[in-house]
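Residue numbers (UniProt numbering): 1 to 238.
Next up, the structure:
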């Protein structure tokens with residue numbers, strides 16, 4: 001079973017916010033992160049706490065719900081619009097919004113949404129368990145946007161940190177951008193095959209072609225070696 005599912009509510013209307021909270025209070029597995037009155041405030045909480053669900057109005061002063069979800073594309077597992085405007089449904093489909101609920105919010109419709117969300121997170125848990133098995137079997141599962149990739153350890157050349165993301169470079173030339181910190185990605189890879197050489201880089205040891213004082217070469221690509229990592233690289237090279 002999945003753990004509690006964390007959610008955030010954003011709506012500029014206080015009564016509508018209360019209506020959503022009245023419904024969410026009926027589901028013990030939901031854990032509230034924040035209740036916001038505008039998109040700017042909501043995005044600060046989202047960046048900090050990464051909720052699983054965002055229940056959002058669309059028409060709000062300043063940044064509207066569509067603009068907010070567009071900027072957050074791929075970062076929220078289950079974004080849900082709760083709005084008085086059915087005309088935005090098609091545009092929401094392009095943003096892969098999980099569900100689209102119309103105001104006034106009905107308990108029956110919200111319950112159907114919750115049933116889908118529970119099924120969705122059960123499936124995510126099952127996939128996560130399979131991923132963990134995959135690590136032992138010589139591969140990892142990674143996600144770029146809404147697409148998932150199975151990468152064998154031997155196919156990964158190196159990894160590069162890019163703020164909140166990690167870019168994975170493969171032997172076939174793929175550049176896969178994963179919303180996960182480099183430190184977290186390294187923990188998912190076997191320590192006897194991968195080594196961090198810099199605060200922003202980790203490499204697959206079996207693909208190293210050359211080692212110099214401050215750099216490693218892999219298939220013509222030079223990877224920097226940071227001061228803090230030189231001893232580890234030297235010990236391996238010896």
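Quick reminder that beta carbons are idealized off the backbone N, C-alpha and C, glycines included.
Using the Cα positions of residue 68 and residue 39, report the straight-line distance between them to the nearest angstrom.
-> 6 Å
Do the segment 178-194 and the segment 148-163 meet, that is, are 3 or more Cβ pairs less than 8 Å apart?
-> yes
Ordered along the chain, which non-local residues of its own chain (more than five positions away) have a Cβ less than 7 Å from that of residue 239?
-> For the chain, the structure presents residues 1 to 238; residue 239 sits outside this window and is missing.
Would you check if the segment 47-57 and the segment 68-77 touch, i.e. whether three or more CB-CB distances between them fall below 8 Å?
-> yes
Is residue 113 near residue 142, with beta carbons less than 8 Å apart?
-> no
Secondary structure, alpha helix (DSSP H): runs of 4+ residues fully inside the segment 38-77 = 39-49 and 65-71
What did DSSP end up calling residue 85 once you bin it into helix, strand or coil?
-> coil
Note down the Cα distance separating residue 184 from residue 205, rounded to an integer number of angstroms.
-> 18 Å
For residue 218, collect the residues of the same chain with a Cβ closer than 8 Å to its Cβ; drop the 5 residues on either side in sequence, then sort them by chain order.
-> 157, 158, 203, 204, 207, 208 and 209
Between the beta-carbon of residue 12 and the beta-carbon of residue 37, is there less than 8 Å?
-> yes
State the CB to CB distance for the pair residue 181 and residue 166, rounded to an integer number of angstroms; the pair is presumed to be in contact (CB under 8 Å).
-> 7 Å
Residue 28: which of 34, 5 and 10 sits nearest, CA to CA?
-> 5
Measure the CB-CB distance between residue 42 and residue 105 and report whether it falls below 8 Å.
-> no
Apart from the five residues on each side of it in sequence, which residues of its chain come closer than 7 Å, Cβ to Cβ, to residue 96?
-> 146
Where residue 99 falls, given that 16 or more other Cβ within 10 Å makes a residue buried = buried
Looking only at its own chain, which residues have a Cβ that is under 7 Å from the Cβ of residue 116, when we skip the five neighbours before and after it?
-> 99
Tell me, to the nearest whole angstrom, how far the beta carbon of residue 93 is from that of residue 101; I am working on the premise that it is less than 8 Å.
-> Contact doesn't hold; Cβ gap of about 14 Å is too wide.
So what's residue 214 in DSSP terms, helix, strand or just coil?
-> coil
Which residue spans inside the UniProt domain "HTH LytTR-type" (140-208) form an unbroken alpha helix (DSSP H) run of at least 4?
-> 182-187
Exposure of residue 119, with buried meaning 16 or more beta-carbon neighbours within 10 Å = exposed
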